[in-house]
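Visitor: Start counting at 1 in the sequence shown, then tack on 1365, and there's your number in the working numbering.
Even glycine gets a Cβ: it sits at the ideal position worked out from N, Cα and C.
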Amino acid sequence: MLEPIEFLEEELRNVEQSLKETLRYEYGHSISAQFYEECDLRLTALRDQFNQTIRASASPNRKYILGALTELHRLSILITRIERSHLGEFSWAFASALQNISAGPCTEQSRHSDNPEPLFFISAEGGISSYGLHPEQRLYTAQKRQIFNIVFPRTLRNHVLFHPILAHEIGHAAMSVSRNAKELEVNVLNVLIENSVIADDDAIENWLDRENQSASERDRQTIRRGWAEEFFCDLFGLMLIGPSFISAHLTLLDAIDDPDEQDFVSTHPPSAARYLLVAEAASNLGWSFDSSPCLSAWFKQHNEKCASVAAKFKFFDTEKIREAISNLRDFLSRYPNSLFPEKELERVGTLIQQLNFGAPPNDEIRFNNEGKLVPSEDVDFRTILFAGWVAWNVGLTYQDYEFSDLNRLCSLAIIQNTALREWKSHT
1366 MLEPIEFLEE ELRNVEQSLK ETLRYEYGHS ISAQFYEECD LRLTALRDQF NQTIRASASP
1426 NRKYILGALT ELHRLSILIT RIERSHLGEF SWAFASALQN ISAGPCTEQS RHSDNPEPLF
1486 FISAEGGISS YGLHPEQRLY TAQKRQIFNI VFPRTLRNHV LFHPILAHEI GHAAMSVSRN
1546 AKELEVNVLN VLIENSVIAD DDAIENWLDR ENQSASERDR QTIRRGWAEE FFCDLFGLML
1606 IGPSFISAHL TLLDAIDDPD EQDFVSTHPP SAARYLLVAE AASNLGWSFD SSPCLSAWFK
1666 QHNEKCASVA AKFKFFDTEK IREAISNLRD FLSRYPNSLF PEKELERVGT LIQQLNFGAP
1726 PNDEIRFNNE GKLVPSEDVD FRTILFAGWV AWNVGLTYQD YEFSDLNRLC SLAIIQNTAL
1786 REWKSHT
């Protein structure tokens, strides 16, 4: 048999080999190198601890050995998840664009003076409701960057129009960052739930009584914290990725839950309450949906859908919603590119025209007489997603499109956008 110290040494070699096999290769984008460097930094620290503290001791401390094995276990899980995320499961172009708008709000205060941005990787699981986030459970001594694992349903890999839902998971990531958590809780989450059905234990108890539901004290505590954070993350997702979140969010929740017969779940609020909040927040954000008939028709369609939801699912005071989104806007505005740019709504009509011509909804690629690229402002990928949803709901004149066709064209547009941005940076 192997002694514990021998097993630890063997496992160090195994994890090192896994790291080399997984992240030394270029799966899609150069960010693979950043994942490799961060994981290698952590593995090197564990190897140094083994050589200097454990193996150098005449009588190795079993506590140190178990601690090192626990760290290796976590690192091994992380490496394996990253490996799975690179196996063609998710569009690297979308992942890159999401990283760009999400890094700022999710950057932790670091012992490194430059506060390096976190890394996000996206992996698939089975089941249509498998959206989730695996944040790091703790900060490591040797850690330079946080790594967040976002999970999405494998069956929706090619449905880029549902990817805005991932912005909700970015909200969970932002709330897990210690330097932001207090501010977001006080200025957004607590403001939102004030005077609501989840404001305190008494309010929750009253709501449960009205709905003929019962819950243990532990469940009531889960409701207040868990439901509040879910509502917060819906607002965060809406303001981060824009109005495409409304369509993706409503479509998914409406499909998996019956708003008239919702089962009580202590960890997640009723779906009807969630999309009522998102709809009311969108109405109070000041976004202009009257710049084109398509946008007006899209917004009217969603408002009519929400108007059919029972009034009992309106959990929040309108003034508190306005105050919460105002404070959240102030927070997101600190970070370049994080807050959805309202001016982009003016471009949606043009992008829908391109979709009706069977072209990816992207900025035109134009050259001057000398064959050089004419500089133009990039289309924000969030606008491409919104154009896809508006086209599908109200704006298509070419009737032979399947939903998968729109997803394919929008995905191609995001890939083109990313490639053009890279090209422009080198020309």
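Please specify which runs of the alpha helix (DSSP H), each continuous and at least 4 residues long, are wholly inside the segment 1673-1714, giving them in chain order.
Guide: 1683-1697
Visitor: Quick check: is the beta carbon of D1567 nearer than 8 Å to any beta carbon in chain B?
Guide: Of the protein chains in the structure, only one exists, and it is not chain B.
Visitor: Tell me, please, whether the segment 1404-1421 touches the segment 1440-1449 by the rule of three or more beta-carbon pairs shorter than 8 Å.
Guide: yes
Visitor: Mind checking whether V1556 and E1645 have CB atoms under 8 Å apart?
Guide: For the purposes of this step, residue 1556 is taken as the residue at position 191 of the sequence shown. For the purposes of this step, residue 1645 is taken as the residue at position 280 of the sequence shown. No, they are not a contact pair.
Visitor: Which complete alpha helix (DSSP H) runs does the segment 1589-1635 hold, if anything under 4 residues is left out?
Guide: 1593-1606 and 1609-1621
Visitor: Grouping DSSP H, G and I as helix and E and B as strand, with all else coil, what is S1541?
Guide: Residue numbering aside, residue 1541 sits at position 176 when the sequence shown is read from its first letter. Helix, per DSSP.
Visitor: Would you kindly work out how many angstroms separate the C-alpha atoms of I1780 and L1526, rounded to a whole number?
Guide: Translated into positions along the sequence shown, residue 1780 becomes position 415. Translated into positions along the sequence shown, residue 1526 becomes position 161. Looking at the two C-alpha atoms, the distance is approximately 14 Å.
Visitor: When you compare only the Cα positions, how much space is there between I1535 and P1608?
Guide: The residue you call residue 1535 lines up with position 170 of the sequence shown. The residue you call residue 1608 lines up with position 243 of the sequence shown. The alpha-carbon atoms of I1535 and P1608 are separated by roughly 16 Å.
Visitor: Tell me, to the nearest whole angstrom, how far the beta carbon of P1634 is from that of W1592; I am working on the premise that it is less than 8 Å.
Guide: The sequence position of residue 1634 within the sequence shown is 269, counting from 1. The sequence position of residue 1592 within the sequence shown is 227, counting from 1. About 4 Å; that satisfies the 8 Å criterion.
Visitor: If we count the other Cβ atoms within 10 Å of its Cβ and call it buried at 16 or more, is V1551 buried or exposed?
Guide: As a first step, residue 1551 is located in the sequence shown; it is residue number 186 there, counting from the start. Classification for V1551: exposed.
Visitor: Do the CB positions of F1601 and L1693 come within less than 8 Å of each other?
Guide: Here the question's residue 1601 lines up with position 236 in the sequence shown. Here the question's residue 1693 lines up with position 328 in the sequence shown. Yes, the Cβ-Cβ distance between F1601 and L1693 is below 8 Å.
Visitor: Taking the alpha helix (DSSP H) that E1448 falls in, what are its first and last residues?
Guide: Sequence index remark: in the sequence shown, residue 1448 carries index 83 (1-based). That run of the alpha helix (DSSP H) goes R1427 to S1450.
Visitor: Helix, strand or coil: how does DSSP classify V1562 here?
Guide: Against the sequence shown, residue 1562 aligns to sequence position 197. Of the three classes helix, strand and coil, the one that applies to V1562 here is coil, per DSSP.
Visitor: Give the straight-line distance between the Cα atoms of S1657 and L1774, rounded to the nearest whole angstrom.
Guide: Your numbering for residue 1657 matches position 292 in the sequence shown. Your numbering for residue 1774 matches position 409 in the sequence shown. Going from the Cα of S1657 to the Cα of L1774 covers about 22 Å.
Visitor: Let me make sure I understand the geometry here. Which of E1548, G1753 and Y1763 has the alpha-carbon closest to that of H1879?
Guide: Because residue 1879 is not part of the residues shown, which for the chain are 1366 to 1792, the question remains open.
Visitor: Nearest-angstrom Cα distance between S1743 and N1465?
Guide: Position 378 of the sequence shown, counted from the start, is the residue given in the question as residue 1743. Position 100 of the sequence shown, counted from the start, is the residue given in the question as residue 1465. The residue you asked about is not Ser; residue 1743 is Asp in the sequence shown. Taking C-alpha positions only, D1743 is separated from N1465 by approximately 14 Å.
Visitor: If you draw a straight line from the C-alpha of S1561 to the C-alpha of Y1640, how long is it?
Guide: Against the sequence shown, residue 1561 aligns to sequence position 196. Against the sequence shown, residue 1640 aligns to sequence position 275. Each residue's alpha carbon lies about 16 Å from the other.
Visitor: Among L1484, D1413 and A1564, which residue has its Cα nearest to the Cα of G1469?
Guide: The sequence position of residue 1469 within the sequence shown is 104, counting from 1. Comparing Cα-Cα distances from G1469 to each of L1484, D1413 and A1564, the minimum goes to L1484.
Visitor: Classify L1774 as helix, strand or coil using the three-state DSSP reduction.
Guide: As a working mapping, residue 1774 is identified with position 409 in the sequence shown. Three-state DSSP puts L1774 in a helix.
Visitor: So, is V1553 buried or exposed, given that buried needs 16 or more other C-beta atoms within 10 angstroms?
Guide: Translated into the one-based positions of the sequence shown, residue 1553 becomes position 188. When all chains shown are included, V1553 counts as buried.
Visitor: Taking just the CA atoms, how far does G1651 sit from E1436?
Guide: Position 71 of the sequence shown, counted from the first residue, corresponds to residue 1436. Position 286 of the sequence shown, counted from the first residue, corresponds to residue 1651. Near 48 Å, if we compare the C-alpha coordinates of G1651 and E1436.
Visitor: If I measure Cβ to Cβ from F1681 and keep anything under 7 Å in the same chain, skipping five residues before and after, which residues do I get?
Guide: As a position in the sequence shown, residue 1681 is number 316, starting the count at 1. If we look at F1681 and ignore the five residues flanking it on each side, its Cβ neighbours are L1557, S1561 and L1642.
Visitor: Under the three-state reduction of DSSP, which class applies to L1785: helix, strand or coil?
Guide: As a position in the sequence shown, residue 1785 is number 420, starting the count at 1. In the structure shown, L1785 sits in a helix (DSSP, three-state: H, G or I).
Visitor: Might you give, ordered along the chain, the residues of its own chain that have their beta carbon closer than 8 Å to the beta carbon of R1427, omitting 5 neighbours on each side?
Guide: For the purposes of this step, residue 1427 is taken as residue 62 along the sequence shown, with counting starting at 1. P1369.
Visitor: I'd like the list of long-range same chain contacts for A1462, defined as Cβ closer than 6 Å, with 5 residues on each side in sequence excluded.
Guide: Position 97 of the sequence shown, counted from the first residue, corresponds to residue 1462. These residues qualify, in order along the chain: F1746.
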